[in-house]
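To start, the structure itself, in structure tokens.
Protein chains: 2
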Amino acid sequence: MGLPVRKNNASIPPTCPLSESMALLRGAWAPNVIWYLSAGPRRFGELRHDIPRISARVLSARLRELESRSLVTRRALDSSPPSAEYALTELGRELLPAIQALANVGEKVMARRAS
Amino acid sequence: MGLPVRKNNASIPPTCPLSESMALLRGAWAPNVIWYLSAGPRRFGELRHDIPRISARVLSARLRELESRSLVTRRALDSSPPSAEYALTELGRELLPAIQALANVGEKVMARRAS
DNA sequence: CACCGTGGTTACTTATGGATACCAACCGGC
DNA sequence: GCCGGTTGGTATCCATAAGTAACCACGGTG
Numbered sequence: 001m002g003l004p005v006r007k008n009n010a011s012i013p014p015t016c017p018l019s020e021s022m023a024l025l026r027g028a029w030a031p032n033v034i035w036y037l038s039a040g041p042r043r044f045g046e047l048r049h050d051i052p053r054i055s056a057r058v059l060s061a062r063l064r065e066l067e068s069r070s071l072v073t074r075r076a077l078d079s080s081p082p083s084a085e086y087a088l089t090e091l092g093r094e095l096l097p098a099i100q101a102l103a104n105v106g107e108k109v110m111a112r113r114a115s
Numbered sequence: 001m002g003l004p005v006r007k008n009n010a011s012i013p014p015t016c017p018l019s020e021s022m023a024l025l026r027g028a029w030a031p032n033v034i035w036y037l038s039a040g041p042r043r044f045g046e047l048r049h050d051i052p053r054i055s056a057r058v059l060s061a062r063l064r065e066l067e068s069r070s071l072v073t074r075r076a077l078d079s080s081p082p083s084a085e086y087a088l089t090e091l092g093r094e095l096l097p098a099i100q101a102l103a104n105v106g107e108k109v110m111a112r113r114a115s
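Those protein sequences? They're chains A and B, same order as listed.
Here the first sequence stands for residues 1 to 115, numbered as in the UniProt record's numbering.
Here the second sequence stands for residues 1 to 115, numbered as in the UniProt record's numbering.
Structure (structure tokens):
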């Protein structure tokens, strides 16, 4: 006994697409950054304000990582205090349905807890 | 100049449902564990085999955390070598659509890269 | 001139994850 | 009775990631 030999491995994909998208979203606050960019380009300080508990250090690191993964683009504006604007790429936008699905679950859980 | 005053804050929910579900999925490999439990209950060693790169230490920690968040249940079996079986709760199953959406994106990305 | 906002960077500390080894209980074989 | 294998972990140590707080250059403002 001890090994009831399970054959339901068949329903599991051989190489893991889940790990693939989790790799794109790796790093703290990455999904939030993408979410808050979904409505259009935003500047560093705006994102910092959108995600109150993120530190400048982590936001900076995350944006650079997301840029290197081609999920967001950075555009430097030479305004009087030089600012930067971040936007989603096409690839970044492909993650939006999944992030929306996560948000939906969160919403449902929050609603249930509030009731 | 410098501050083009953005009003698109209106499209952003006040409290963040995304962070809510990300908190449920916090910790390395958490989404994978839930994914591999979606087909039915599985034992510790089976999960370890399902997710080849996870260490026993982290799997153990993750299962305990997911159990404390009421996403999975643990059932000890008193077989000859005592074993344990983990299964999704109703709450855990609610995350499956979101995890499926992530997997779909990953699949698309992988397919595109392979072509 | 001192001060503030913008977009960061630089320490320093803590939390998390990974690798490896090890353990107790039990079984079957010898 | 001893050996090795199986199962579900734990113990230990180290590397990386994230949080905290302070600081900086720049120009505009009062």
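Beta carbons are placed, not taken as given, at the ideal position from N, Cα and C, and that holds for glycine.
With contacts defined as CB atoms closer than 8 Å, leucine 63 of chain B and threonine 89 of chain B fail to qualify as a contacting pair. A Cβ-Cβ distance of about 7 Å is found for the pair proline 31 of chain A and leucine 102 of chain A, placing them in contact under the 8 Å criterion.
Counting the other CB atoms within 10 Å of its CB gives serine 21 of chain A a total of 16 or more, which places it among the buried residues. Valine 33 of chain A and leucine 59 of chain A have their C-alpha atoms roughly 8 Å apart. Cβ contact annotation for arginine 75 of chain B (same chain, cutoff 6 Å, sequence separation greater than five): Glu85, in chain order.
Boundaries of the beta strand (DSSP E) around serine 83 of chain B: 83-88. For glutamate 67 of chain A, none of the residues of chain B pass the 7 Å Cβ criterion, the least Cβ distance being about 17 Å.
Judged by DSSP in its simplified three-state form, arginine 69 of chain B adopts coil rather than helix or strand.
Residue range 17-24 is occupied by the alpha helix (DSSP H) that includes proline 17 of chain B.
Closest by C-alpha distance to tryptophan 35 of chain A, out of A:Leu66, A:Cys16 and A:Lys108, is A:Leu66. For the 8 Å CB-CB criterion, leucine 24 of chain B and leucine 95 of chain B form a contact. Alanine 76 of chain A has A:Ala84 as its beta-bridge partners, per DSSP. Closest in alpha carbon position to proline 81 of chain B, among B:His49, B:Ser38, B:Arg112 and B:Gly45, is B:Gly45.
Boundaries cannot be given for arginine 53 of chain A, as no alpha helix (DSSP H) includes it and DSSP labels it neither H nor E. Distance from leucine 47 of chain A to alanine 87 of chain A at the Cβ level is roughly 11 Å; contact not present, criterion being Cβ atoms closer than 8 Å. Closest in alpha carbon position to serine 83 of chain A, among A:Lys108, A:Pro41 and A:Cys16, is A:Pro41.
With 16 or more other Cβ atoms from the protein chains shown falling within 10 Å of its own Cβ, arginine 43 of chain A counts as buried. Considering only A:Ala56, A:Leu18, A:Asp50 and A:Gly92, the residue with the shortest C-alpha distance to arginine 69 of chain A is A:Gly92. Distance check between leucine 18 of chain A and each of B:Ile99, B:Ala111, B:Ser115 and B:Ala114 places B:Ile99 closest, using alpha-carbon atoms only. Arginine 53 of chain B and tryptophan 29 of chain B have their alpha carbons spaced roughly 10 Å apart.
Flagged as an interface residue toward chain A: glutamate 20 of chain B, by a C-beta distance shorter than 8 Å.
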